[in-house]
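Participant: Can you keep this structure in mind? I'll have questions shortly.
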Amino acid sequence: MIVLSDEVRAALAEGRPVVALESTIISHGLPRPTNLTVAREIEQVVRDGGAVPATVALVAGQVRIGLDDAALATVAGDDSVVKVSVRDLAVVAARGGHGATTVASTAHLAARAGIAVFATGGLGGVHRGANLTFDESADLVTLSRVPTTVVCAGVKSILDVAATLERMETLGIGLVGYRTDRFPGFYLSDSGHAVEHRVDSPQAVAAVMRSRAELGTDRAGLVVANPLPADEQLDPALHDRVLTQALAGADAEGVHGKDTTPYLLARFHHDTDGRSLEVNTRIILRNAALAAQIAVAHATGGQ
Ligand code: PSU
Ligand code: MN
0 MIVLSDEVRA
10 ALAEGRPVVA
20 LESTIISHGL
30 PRPTNLTVAR
40 EIEQVVRDGG
50 AVPATVALVA
60 GQVRIGLDDA
70 ALATVAGDDS
80 VVKVSVRDLA
90 VVAARGGHGA
100 TTVASTAHLA
110 ARAGIAVFAT
120 GGLGGVHRGA
130 NLTFDESADL
140 VTLSRVPTTV
150 VCAGVKSILD
160 VAATLERMET
170 LGIGLVGYRT
180 DRFPGFYLSD
190 SGHAVEHRVD
200 SPQAVAAVMR
210 SRAELGTDRA
220 GLVVANPLPA
230 DEQLDPALHD
240 RVLTQALAGA
250 DAEGVHGKDT
260 TPYLLARFHH
270 DTDGRSLEVN
280 TRIILRNAAL
290 AAQIAVAHAT
300 GGQ
C-alpha cells in the first residue's frame, strides 16, 4: 500500500540523503494556485541542497512517497483531497480516496519508509482554549513516538505556544533552536519563549541525531526550530491584529476539530492581503533548504 517513487527508493537503498515533505500545507495550508508553484519550489530547493525530495500523499488510496508532477497537481488542485492525520490514513486508503498528509501522518510514513529528515512550515500543537476543548494536534502525540527529525519554524501564534512547549517536554519530543535561543513563532522570528538547546550547523544537528540513536532516545521526534531572520518576519502589529480577528472569526463561526487550523491559516492569508503568504512560502523554502543540509550531513556521517 506504500509506494516509493523510483528515485526515493534508489536514494534510500544507496544511503543517499532524502527529505520527506508533508502535503497538507499544499492542499489546506496555502491558497490555490500558488500552492502548486510552492510545492514544486520546495522540491527544487531540496534538490538544490543535494537531497531527494519525498513529498507524501494518498493518491487514489495509495500512499505515495515521492510524487510525480501529476500527483502533486492532484494534491494541490483536487477538491476531493482530504486532510489526513495518522488515524485517517487507513480509512482514506481503504476507500481509494485522495488525501494530504499532516505532520503527524507524514512523520509516521516517513519513519516507516526509513526517511530520517522531514521539512514542514509550522507544527501543529495545543490550541488556545484546549483546557476546555481538548484540541491538541495529533502532531505532538505522533512526534512522541516516531523517530523523525523535523525542521519547522516553530508553531504559529494561532496556538497556545507556551502550552505546546510544555506538552513537547512532557512527551519527550527533542527540541533544538537552529542558530537561535528563542523558539520561533512562525510568522514571527521569536514567539516570546526560550529554547534550551541551540545548534549552529547541519553537522551539529546530525551529531545530535547520532547521539539520540546511540542513547535510544530516538523513539520520539527531534524538532529543529528554524526562525525567519527578524527583518523578514511579518510586521508584528499586523500579525497581532489579524490573529485577534482570526480567532474571533473561528469562535463566531463555530469552527472546530480538524477544520480549525486550515480556517485560521486561510484567514491569515486573506486578512493580510497575501503578505502572510509570502512569509509562509519563504519559511517553507528555508526549512526545506535546511532539512536538505541536515539530511546530507546525516547521510555522510555528520562529517
Ligand atoms: N501549522 C501551520 N501550517 C500548516 C499546518 C499547521 O502553520 O499547514 C498543518 C500541518 O499539516 C499540521 C496540521 O500537521 O496543519 C495540524 O493540523 P491539526 O491542528 O488539525 O492537527
Ligand atoms: Mn485539532
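Residues 0 to 302 in numbering that gives the first Met the number 0 are what the sequence shown lists, from first letter to last. The C-beta atom is built at its ideal place from N, Cα and C for all residues, glycine as well.
(1) Tell me which same chain residues have a C-beta within less than 6 Å of the C-beta of Lys257, skipping the five on either side of it?
(2) Report the residue ranges of all beta strand (DSSP E) runs contained in full by the segment 42-77; include only those spanning at least 3 residues, in chain order.
(3) So, helix, strand or coil for Glu135, using DSSP?
(4) Could you tell me the distance, in whole angstroms, from the CA atom of Gly60 to the CA atom of Val2?
(5) Would you say Lys155 touches the ligand MN, meaning its beta carbon is less than 7 Å from a heavy atom?
(6) Leaving out five residues before and five after Val17 in sequence, what residues of the same chain have Cβ atoms less than 7 Å from its Cβ?
(7) Near Gly48, which residues of its chain fall below 6 Å by C-beta distance, leaving aside the five closest residues on each side in sequence?
(8) Pull up the distance between the alpha-carbon of Leu108 and that of Gln244, whole angstroms please.
(9) Need the endpoints of the beta strand (DSSP E) that His192 sits in, please.
(10) Alpha helix (DSSP H) containing Arg240: first to last residue?
(11) When you get a sec, list the residues whose CB is within less than 5 Å of any heavy atom of the ligand PSU, chain order please.
(12) So, is Gln43 buried or exposed, given that buried needs 16 or more other C-beta atoms within 10 angstroms?
(13) Measuring from the CB of Asp234, is there a heavy atom of the ligand MN at a distance below 7 Å?
(14) Where does the unbroken alpha helix (DSSP H) through Ile282 begin, and where does it stop?
(15) Should the segment 117-133 be regarded as contacting the segment 157-166, the criterion being three or more beta carbon pairs within less than 8 Å?
(16) Please look up how many angstroms separate the CB atoms of Val194 and Val223, rounded, as I've assumed it's under 8 Å.
(17) Let me know if Gly301 comes out buried or exposed under the rule of 16 or more other beta-carbons within 10 Å of its beta-carbon.
(18) DSSP state of Val7, grouped into three classes?
(19) On the three-state DSSP scale, how would you describe His255?
(20) Are three or more beta carbon pairs between the segment 231-246 and the segment 148-159 nearer than 8 Å?
(21) Round the Cβ separation of Ser22 and Val74 to the nearest angstrom and send it over; I've been treating them as touching at under 8 Å.
(22) For the alpha helix (DSSP H) containing Thr100, name the first residue and the last one.
(23) Between Pro235 and Ala152, how many whole angstroms is the CB-CB distance? I'm expecting something under 8 Å.
Facilitator: A quick look at the data gives this:
(1) Lys82
(2) 51-58 and 61-64
(3) strand
(4) 11 Å
(5) no
(6) Val7, Ala10, Leu11, Ala50, Val51, Ala53, Ile114 and Ala294
(7) Ala288, Ala291 and Gln292
(8) 35 Å
(9) Leu187 to Ala193
(10) Pro235 to Ala251
(11) Thr23, Ile24, Gly28, Thr101, Val102, Gly120, Gly121, Gly123, Ser136, Asp138, Lys155, Lys257 and Thr260
(12) exposed
(13) no
(14) Arg274 to Ala298
(15) yes
(16) So it is not a contact: roughly 10 Å between Cβ atoms.
(17) Its pLDDT being 47, under 50, Gly301 is placed unreliably by the model, and the measurement read from it follows with that caveat. The residue in question, Gly301, is buried, as its Cβ has 16 or more Cβ neighbours within 10 Å.
(18) helix
(19) coil
(20) yes
(21) 5 Å
(22) Premise fails: Thr100 lies in the beta strand (DSSP E), Gly98 to Thr100, not in any alpha helix (DSSP H).
(23) Not quite, the Cβ-Cβ distance comes to about 15 Å (not below 8 Å), so this is no contact.
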